[in-house]
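351 is the number that this note's numbering gives to position 160 of the sequence shown; each next residue is one higher, with no gaps. From the three backbone atoms N, C-alpha and C, an ideal C-beta is built for every residue, glycine too.
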Amino acid sequence: MTAGDETTEAAGTDPWAAYLPGQELVPAYLTSRFAAQYRAIVEVMLEAQDTSLTGMSFDEIGARLRAWLGERVESAVADRLVRDEVFPLDGRLDSLVNWGVLTRWQEPARTGEDFLRRRDRFQLTPVAARLHAFWTQELGSDEDAAADLTLAPRAIHDRLHQFAVAVRERRFPAAAAEYQQIITLQHGMAVAARTWQRSLAHALSGAPDPGKQEILWRTLQSYVGMWGEQVDIYTPTVAALIDELEPLLSEQIWRTCVRGALPPDAADAIVEPQVRRWVGTWTALRGWFAGGDGQARRLRRQLRDLVAPWARNMHILMDTGGALTRRSELLALARSIERAPDDESAWRMWDTAVGVFSARHLLVPAEGADEHAVAWADAEPAPITARFREHGHRAAVGKRTKAIDNSAGRAAARRARSAARAQRLAAEAELRTRSGTSMSTWAPLTEPQLEVLLDFLAVARARHGEPRRIAVTEDGRWQITLTGPPGGATTTLETAGGRFVTRDWFFELEPALS
């Protein structure tokens, strides 16, 4: 089969191709019916670029493919997969060259032996290398790249302030330096937001399952741990700076700022694309933070509204609604059938479990004296009463079926509730010892302590008032007082599961007055 046979579509000419870019053959190796073989070749060559700057020879590709397979499957399986009748390497490489995935050239022959050996060398084209790197990147790469954005809104606020000062003082190189940092931060925030959006869209589609619930929980924790609360803290001040600077930033000012970051003799062909990029970043910042319905606040509301469906789906997955299932019995039956010595025994187990038996003979009194000698196959049909048709034989002996004993499960649930209550009481006692201190002075928190603290913060922050907020918990046991820090300072609390960024509240916890 040729490369064209694998990718040919219906005959004819696409009229769009005369006006717009059309067919691109580089990704064809991902859609071919031999995609697994092609992807293995490209994966091997992409890995080789870390150690070889001059491509790979035909023999090197074959040897590395065998080693690559040996790392993933058994040795016997790898040997079978690289046979010529299964994996014609020469033909696969020709197809990749025709698609523009590989570049092929020949080494010069310097000795007589060079003329007798195959001197072809192969290297990935730049487009193919970038495509495969993008295709195979880890799912968590965006989250890893965004992990340094813990204080991104505050950093954007600080850099914007310095940018405004430099623009007013007409120190355009300094303004350019500040704005270049803003571009990097805004890009990182956009990458993180896109990652969360993709995760939410996938996890909220279709029926809930444990995998989707885990994605939702990780997304929510990632947002809170990076810069969730700071969106509320710094959005008003960032929006005010944007509104204040907007009248000053004419097209000429933008062009002067860009030239401050470039050599004095930079050509207009270089300056103009940068101006458009800088203005685009400014437009994105305005869309993020300015206005009462900025994208930052909309994302925060979307993630806030995620808590209810997450909790509801967890209830659906964990609660059986009182229904009893036969899952454990079916698993035991499956294990027994799997361990049966032969197929006949396995079928006998199955027939017994589901009640599939051969025909049963009922003893019906004979009407004539000689009918006892007639074979059952030759005898006339006997009438079967409705009682037998509905119920069949019922034994009046034997043990009564036992009801399912749920006492062990109920006892385990009681123990779990008692342990959770003990953990919460211990966490409350520990937070009580931290009353009268600022959160920036706190030691790391355990998971139970963080959960209790989040409950306290939610109760207190529901109360309006600046800089002091006072509230009583729903059970009436505790009075929480939060006093805001001067200047809106923030702090980061270390926990076993990550970091929690919040205002540097002065925290007070007292028993509520009865």
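Can you give the Cα-Cα distance for residue i and residue j, rounded to whole angstroms?
| i | j | result |
| --- | --- | --- |
| P639 | R283 | 57 Å |
| R350 | A381 | 17 Å |
| R257 | D270 | 8 Å |
| V415 | A662 | 23 Å |
| F354 | D434 | 14 Å |
| A337 | G379 | Since pLDDT at A337 reaches only 45, below the 50 mark, its modelled position is unreliable, and no value is offered. |
| A209 | E215 | 14 Å |
| W326 | T410 | 22 Å |
| L622 | W501 | 27 Å |
| L522 | A481 | 58 Å |
| V588 | R605 | Bear in mind that a pLDDT of 42 at V588, under 50, signals an unreliable position, so the model cannot answer this. |
| D335 | I424 | Here D335 scores only 47 on pLDDT, less than 50, and its place in the model should not be relied on; the value that follows carries that caveat. Rounded to whole angstroms, D335 to I424 spans 24 Å at the Cα level. |
| A457 | P464 | 12 Å |
| R530 | F278 | 37 Å |
| L219 | V288 | The sequence given here places Ala at residue 219; Leu does not occur at that position. Looking at the two C-alpha atoms, the distance is approximately 11 Å. |
| A611 | D596 | 25 Å |
| D241 | T474 | 39 Å |
| A253 | L280 | Strictly speaking, residue 253 in this sequence is Gly, with Ala absent from that position. Rounded to whole angstroms, G253 to L280 spans 7 Å at the Cα level. |
What is the residue span of the alpha helix (DSSP H) that residue i lies within?
| i | result |
| --- | --- |
| P639 | 638 to 652 |
| W541 | 534 to 545 |
| Q465 | 459 to 480 |
| D250 | 249 to 261 |
| R606 | 598 to 624 |
| Q228 | 226 to 239 |
| V268 | 266 to 272 |
| D281 | 280 to 289 |
| L351 | 343 to 359 |
| T222 | 219 to 222 |
Please state if the CB of residue j and the CB of residue i are separated by a distance shorter than 7 Å.
| i | j | result |
| --- | --- | --- |
| T672 | E699 | yes |
| V429 | H352 | no |
| V217 | V292 | yes |
| W345 | F249 | According to the sequence displayed, residue 345 carries Arg and not Trp. No, Cβ-Cβ distance for R345 and F249 is not below 7 Å. |
| M527 | M540 | Correcting the residue identity first, residue 527 is Ser in this sequence and not Met. Result yes, Cβ atoms of S527 and M540 sit closer than 7 Å. |
| D695 | P676 | yes |
| T674 | F647 | no |
| A544 | L524 | yes |
| A651 | R660 | yes |
| L237 | H323 | yes |
| D311 | Q297 | yes |
| Q670 | E619 | no |
Starting from residue i, follow the beta strand (DSSP E) in both directions and report where the run begins and ends.
| i | result |
| --- | --- |
| L440 | It is not in any beta strand (DSSP E) - L440 carries neither H nor E in the DSSP assignment. |
| Q314 | 311 to 315 |
From the DSSP output, read off the bridge partner residues of residue i.
| i | result |
| --- | --- |
| F689 | Here residue 689 turns out to be Gly, not Phe, going by the sequence shown. Per DSSP, T686. |
| A662 | I671 |
| T707 | This structure cannot settle anything about residue 707, because the visible part of the chain is limited to 192 through 705. |
| R694 | T681 |
| P702 | W669 |
| T729 | Summary: the structure shown does not reach residue 729, with the chain confined to residues 192 through 705, and so no result is reported for it. |
Legend entry - At least 3 beta-carbon pairs within less than 8 Å: the region 433 to 450 vs the region 467 to 476: yes
Inset, instruction - Decide if the region 629 to 637 is in contact with the region 682 to 694; the criterion is three or more beta carbon pairs, one per stretch, under 8 Å apart. - result: yes
Inset, instruction - Could you tell me whether the region 259 to 267 touches the region 205 to 222, using the rule of 3 or more Cβ pairs below 8 Å? - result: no
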